[in-house]
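Report on the structure given below.
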Amino acid sequence: MSESRPLEGKTILLMGVANPWSIAYAIGQAMLDAGATLALSYLDERMKRDCEKLIKDSPESKLYPCNVENDDEIDALVEAMKADYGTIDGYVHSVAFAPAAELTNPFRETTRAGFNTAMSVSVYSLIAVSGKIVPLMPNGGSITTLTYLGADRAFPQYNVMGVAKAGLESAVRYLAYDLGQDKIRVNAISAGPVKTASARGIPGFSSMVEMFGERAPLKDTFNAKDVAQLAVFLATDGAKAITAETIFVDNGYHAMGM
Ligand SMILES: NC(=O)c1ccc[n+]([C@@H]2O[C@H](COP(=O)([O-])OP(=O)(O)OC[C@H]3O[C@@H](n4cnc5c(N)ncnc54)[C@H](O)[C@@H]3O)[C@@H](O)[C@H]2O)c1
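When we follow this note's numbering, the leftmost residue of the sequence shown carries the number 761, and every step to the right adds one.
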């Protein structure tokens, strides 16, 4: 392992690349630059093409289909990684979904079906996959998910996704407790707003970006690459004592009252 390639020799499961704007795409690029091999899962054939682009210069990296709502597909992913790599060293979960109506309707009209979908895709998937990859991480490792300040504060139209992110951050703490004995660390990165396909589906997203630019202490640019740097660090041995944390990468926005 060299200082410039701190993930040399590590294989990381990366879930959540939809297109080049995805936060996971930037994380994948940064991890490849840091020397990692990626086991990349994709939701559908259209997304598979962008995943192929991401790993085109990394012959060791491989692609696997996985809809996290389907337990058989999660099992097949874990079996395939076991056959291909034997063991892995990390997992990045950059997956979330809520039906569009749940973000456009008033929060009080949240449906049971929409609530269940948001929780299943955005929260339960982290628990399900983390539990199943423990045998693939006999030497310990790192699990990182992506969250948003909407877990702690009410953002207009973020609605059930805010409830899901609160659940996700809690799941991070419970997983960190449960997997600590296996030397597996579990953390969340709370990212500032990045213009991705999912973000554009949130009706108030442009106001979030505007407020962010006005109020964040760091009057600087902000993009997915800034988030990716922390994801790389959390996967390195340098982060060996960090677990159960939600770490903000948001130009300091979360600290502001006004
Ligand atoms: N963009 C932002 O401003 C922002 C801010 C903070 C946190 N986040 C979080 O970052 C993560 C990534 O989102 P993004 O903004 O990069 O958007 P994105 O749309 O690029 O990524 C979302 C991913 O979720 C995947 N996904 C959805 N349903 C799935 C399913 N059933 N099975 C497997 N995969 C599924 C999609 O395929 C996609 O790759 C999400 O958890 C999001 O909440 C985003």
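All C-beta atoms, glycine included, are put in the ideal place defined by N, C-alpha and C. Fair warning: this is a prediction, and the values are worked out from it, not measured in the lab.
Simplified DSSP state of residue i, which is helix, strand or coil
{"i": "Y884", "result": "helix"}
{"i": "S902", "result": "strand"}
{"i": "L823", "result": "strand"}
{"i": "T838", "result": "Residue 838 is actually Val in this sequence, not Thr. The answer is helix: DSSP assigns V838 an H, G or I state."}
{"i": "T864", "result": "helix"}
{"i": "P895", "result": "helix"}
{"i": "T870", "result": "coil"}
{"i": "N779", "result": "coil"}
{"i": "N830", "result": "coil"}
{"i": "I787", "result": "helix"}
{"i": "T996", "result": "coil"}
{"i": "M714", "result": "Residue coverage of the chain in this structure runs from 761 to 1018, which leaves residue 714 outside it and unanswerable."}
{"i": "S890", "result": "helix"}
{"i": "D793", "result": "helix"}
{"i": "N857", "result": "Note that residue 857 is Phe in the sequence shown here, rather than Asn. Of the three classes helix, strand and coil, the one that applies to F857 here is coil, per DSSP."}
{"i": "M1018", "result": "coil"}
{"i": "T1003", "result": "coil"}
{"i": "L814", "result": "helix"}
Beta-ladder partner(s) of residue i, from DSSP
{"i": "I772", "result": "L798, G850"}
{"i": "F1008", "result": "S950"}
Any chain B beta carbon closer than 8 Å to residue i
{"i": "S818", "result": "Checking the listed chains, one finds no chain B in this structure; it contains a single protein chain."}
Heavy atoms of ligand 1 versus C-beta positions, residues under 5 Å: G776, A778, S782, I783, L803, N827, V828, E829, S854, V855, A856, F857, V881, L906, Y908, A951, P953, V954, T956, A957, S958, A959
Inside the segment 908-992 only - beta strand (DSSP E) runs reaching at least 3 residues: 944-951
Segment contact flag, the segment 847-859 with the segment 898-916, C-beta cutoff 8 Å, min 3 pairs: yes
Stretch-stretch touch, CB-based, cutoff 8 Å, three pairs: the segment 979-986 with the segment 863-880: no
The segment 958-970 touching the segment 995-1006, judged by at least three CB pairs closer than 8 Å: no
Validate contact between the segment 832-843 and the segment 804-811 using beta carbons, cut 8 Å, 3 pairs: no
Meets three-Cβ-pair contact criterion under 8 Å: the segment 810-829 and the segment 859-874: no
Three-pair Cβ contact test at 8 Å for the segment 884-900 versus the segment 932-939: yes
contact_flag[the segment 770-782, the segment 794-803] where n(CB pairs < 8 Å) is 3 or more: yes
Stretch pair the segment 835-854 + the segment 782-791: three plus CB contacts closer than 8 Å: yes
Touch test, the segment 895-904 against the segment 943-960, Cβ-Cβ under 8 Å, three pairs minimum: yes
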